[in-house]
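Enquirer:
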Amino acid sequence: MWLRFQVYFTLYKRFFTIILTMNLIGITTAGSGHWQYPRHYTGAFILGNLVIAVLVRNELFGRILYAVINYFFAKWPPLWFRVAITSTLQHLGGVHSGCAISGTLWLLFKTCLLFIDAANYNPAILVFSILILIALCVTIICALPWLRDNHHNIFERHHRLVGWYLWSIVVDSWIFTVMSDSYSLDTHDFSRASHVIRQQDFWFLLGMTIFIMIPWFTVRRVPVEIEVPSPKVAIVKFKRGMQQGLLARIGHRPVMEYHAFGTISEGPEADCHYLIAGVQGDFTRGLVENPPTHLWTRELKFAAVSHCSTLYRRGVRVCTGTGLGAGLSTCIQNPNWYLIWMGSDQEKTFGPTISGLIKKHLHPGRVTLWDSKARGCRADTVKLILDVCKIWEAEVVIITSNLAGSKEMMEGVKEAGIPAFGTLFDFCERSPLDFFWSQMT
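Here the numbering used here is used: the first residue of the sequence shown is 2, the next is one more, and so on.
#1: Taking the alpha carbon of S195 as the reference point, which residue from H189, Y184, T188, F205 has its own alpha carbon closest?
#2: Determine the closest residue to L66 out of I126, D118, A305, with distance taken between C-alpha atoms.
#3: Start and end of the beta strand (DSSP E) containing C378?
#4: Within its chain, find whatever has a CB closer than 6 Å to the CB of A54; leave out the 5 residues flanking it on each side and keep chain order.
#5: Could you say if the stretch 207-220 and the stretch 289-296 meet the contact criterion of at least three C-beta pairs nearer than 8 Å?
#6: Write down the C-beta distance between V234 and T354 rounded to the nearest angstrom, noting that I regard them as a contact closer than 8 Å.
#7: When you compare each of F262, E267, D272, T29 to W278 by their alpha carbons, which one comes out closest?
#8: Please work out which residues of its chain come closer than 6 Å, Cβ to Cβ, to W438, disregarding the five sequence neighbours upstream and downstream, and give them in chain order.
#9: DSSP three-state call for H35: helix, strand or coil?
#10: Taking the continuous alpha helix (DSSP H) assigned at Y72, which residues delimit it?
#11: Take D173 and list the residues in its own chain whose beta-carbon comes closer than 6 Å to its own, dropping the five residues that flank it on each side.
#12: Identify the continuous alpha helix (DSSP H) that holds E409 and give its terminal residues.
#13: Answer yes if the stretch 21-33 comes into contact with the stretch 185-193, meaning at least three C-beta pairs across the two stretches below 8 Å, and no otherwise.
#14: Leaving out the 5 sequence neighbours to the left and right, which residues in its chain are closer than 8 Å to M180 when beta-carbon positions are compared?
#15: Look up A421 in the DSSP assignment and give the residues it is bridged to.
#16: Using 8 Å as the Cβ pair cut-off and three pairs as the minimum, do the stretch 275-289 and the stretch 221-232 touch?
#17: Distance, Cα to Cα, R15 vs G95?
#18: Which residue wins for smallest C-alpha separation from L248, given the options L207, S307, W338?
#19: Is the CB-CB distance between T285 and L276 below 8 Å?
#20: Using the beta-carbon count (16 or more within 10 Å), is S330 buried or exposed?
#21: From the DSSP output, in three-state form, read off L248 for me.
#22: Between the alpha carbons of Y299 and R64, how many angstroms are there, rounded?
#23: Do the CB positions of N71 and C309 come within less than 8 Å of each other?
#24: Under the DSSP definition of a beta bridge, which residues are partnered with V280?
#25: Taking the alpha carbon of C320 as the point to measure from, which residue in T140, W342, K302, W338 has its own alpha carbon closest?
#26: Determine the DSSP secondary structure at P292, reduced to helix, strand or coil.
#27: Should W81 go down as buried or exposed, given a rule of 16 or more other Cβ atoms within 10 Å for buried?
#28: Could you check whether V397 and P420 sit closer than 8 Å to each other, using their CB atoms as the reference points?
#29: Thinking C-alpha only, which one of Y313, L370, L358, V368 is nearest K450?
#30: Can the beta-carbon of K111 be found closer than 8 Å to that of G44?
#31: Return the chain-ordered ranges of every alpha helix (DSSP H) run that is complete within the stretch 312-376 and spans a minimum of 4 residues.
#32: Measure the C-alpha to C-alpha separation of R221 and K238 and round it to an integer number of angstroms.
#33: Would you say C390 and V317 are within 8 Å of each other, going by their C-beta atoms?
#34: From L114 to F17, what distance separates their C-alpha atoms?
#35: For a quick check, are the C-beta atoms of L206 and T178 less than 8 Å apart?
#36: List the DSSP bridge partners of Y275.
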């Protein structure tokens with residue numbers, strides 16, 4: 002029971018709970034009048050939360066953080082320390098979610114304060130506070146996991162429609178911040194322009210805007226080659242090699258939509274890298290049915306949990322189906338990692354390119370391919386992983402699978418006393434601003 006609770010109440014949720022609870026306490030004490038500071042400087046609490054939410058999802062910040070940790074803590078510290086670092090990096094989304102929701106709640110609090118004293122404020126300030134609040138509430142609805150997972154096409158269509166609309170949130174935030182900070186309650190005009198740059202919220206908003214802009218400097222339209230080995234999968238080939246453990250974001254348009262996939266590469270010096278796109282919604286179906294010759298991407302890639310693989314002496318990378326895209330590079334580029342890949346009719350479904358990479362770089366002693374169609378049965382996943390871990394003397398297991406598979410494997414591996422990391426399926430894995438962030442950065 003305790004193990005299941007640990008698997009469910011991940012560090013992601015702990016970060017989220019702690020941050021949201023602290024902010025709710027602040028809002029409650031401010032609302033009851035016991036803490037006056039937030040009533041006078043509410044903007045600092047709104048944008049202070051939002052700038053942290055944006056920062057921890059920034060590609061450049063993430064890459065620097067991973068690079069520093071991989072450089073200083075590879076292999077030598079105690080295992081528990083390396084596991085704790087990896088878990089913290091993987092679950093920074095909990096900080097993002099907690100701060101994003103908290104910032105929205107502080108904005109609601111600010112809006113209530115404005116309307117309580119509406120007679121003393123310019124109507125434009127009231128209007129922009131409502132506009133931003135509505136915009137953020139829309140992102141909350143659109144980012145609900147049940148909508149994303151169960152109505153993927155609706156989710157993708159909304160991606161296309163509101164990209165520019167979400168950009169307007171930043172513009173509205175600047176207008177609202179400048180107006181509210183420059184407005185004088187004594188003269189009822191905007192006569193305190195010099196007061197604006199002395200406020201915390203101005204600098205928080207400036208930082209947030211810079212963090213949002215950074216990835217846009219790396220957006221490029223690049224040529225691609227698409228192999229369609231089966232109606233279920235498209236293999237997308239890009240120029241230039243990649244480090245292992247990175248995610249690429251691609252789309253048909255430079256602003257409206259981006260979709261994340263794990264990258265497969267033979268190394269930074271290679272001449273190409275690949276993405277495995279399994280058909281799920283309209284975007285991935287379009288890659289199969291009408292392969293494009295060019296796609297938009299961000300050259301600055303996002304670091305995923307596999308990027309921490311260098312911290313460990315030996316490990317096992319478990320993937321099911323298209324999840325191979327997130328893990329194959331780790332095993333290709335690091336000889337201390339063992340690959341377990343489970344799927345159905347693997348070579349026919351995923352084609353010669355992926356099969357060729359596995360055969361070229363992973364000798365039989367470093368890989369287990371479980372083809373359920375060829376073997377006539379599904380694998381006993383937990384037993385398979387534990388047997389490999391024993392033979393390989395693995396310190397850690399990283400799993401990429403669906404919700405049910407990840408849960409089963411995580412519980413089984415952890416019960417055996419082996420640290421394991423799996424795909425995140427938290428109740429707020431995609432936070433109220435995660436959808437906003439996917440469009441903005």
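For every residue, glycine included, the Cβ atom is placed at its ideal position computed from N, Cα and C. Remember, predicted model here, so these are calculated numbers, not experimental data.
Expert: Per the coordinate set shown:
#1: Measuring C-alpha to C-alpha distances from S195 to each of H189, Y184, T188, F205 identifies Y184 as the nearest.
#2: If we check each option's Cα against that of L66, A305 comes out closest.
#3: Counting along the chain, C378 falls outside any beta strand (DSSP E), and DSSP gives it neither H nor E.
#4: So the qualifying residues of the chain are H97, C100, A101, L434.
#5: Touching, no.
#6: With 8 Å as the limit, V234 and T354 do not qualify as a contact, their Cβ atoms being about 11 Å apart.
#7: According to the sequence as given, residue 278 is Ala; it is not Trp. Nearest to A278 by alpha-carbon distance, out of F262, E267, D272, T29, is F262.
#8: In this predicted model, W438 has a pLDDT of only 40, less than 50, meaning its place in the structure is not dependable enough to derive any value.
#9: Under the three-state reduction of DSSP, H35 is assigned to coil, being neither helix nor strand.
#10: Where Y72 is concerned, the enclosing alpha helix (DSSP H) stretches over 60-73.
#11: Same-chain partners within the cutoff: F129, L132, I133.
#12: Unbroken alpha helix (DSSP H) run through E409: 404-416.
#13: Not touching, per the Cβ criterion.
#14: Only N123, A125, I126, F129, F191 meet the Cβ criterion.
#15: V398, per the DSSP bridge assignment.
#16: As far as the Cβ criterion goes, the stretch 275-289 touches the stretch 221-232, which means the pair count is three or higher.
#17: So the alpha carbons of these two residues sit roughly 7 Å apart.
#18: Closest option to L248, Cα to Cα, is S307.
#19: No; because the gap between Cβ atoms is not below 8 Å, this pair is not in contact.
#20: The residue is buried, with at least 16 neighbouring Cβ atoms inside 10 Å.
#21: In the structure shown, L248 sits in a strand (DSSP, three-state: E or B).
#22: For clarity, residue 299 is Arg in the given sequence; the question names Tyr instead. Distance between the alpha carbons of R299 and R64: 14 Å.
#23: Taking 8 Å as the cut-off, the beta carbon of N71 is found closer than this to the beta carbon of C309.
#24: For V280, which the question treats as bridged, DSSP gives no partner whatsoever.
#25: Nearest option by C-alpha distance: W342.
#26: Note: P292 maps to coil in three-state DSSP.
#27: With fewer than 16 other CB atoms across the displayed protein chains lying within 10 angstroms of its CB, W81 is exposed.
#28: Closer than 8 Å, so yes.
#29: Outside the modelled stretch of the chain, which goes from 2 to 442, sits residue 450, for which no answer is possible.
#30: Contact: yes.
#31: Here the runs fully enclosed are 325-334, 347-362, 373-376.
#32: R221 and K238 have their C-alpha atoms some 15 Å from each other.
#33: Contact: yes.
#34: Near 26 Å, if we compare the C-alpha coordinates of F17 and L114.
#35: Yes.
#36: DSSP output for Y275 lists K238, I265 as bridge partner(s).
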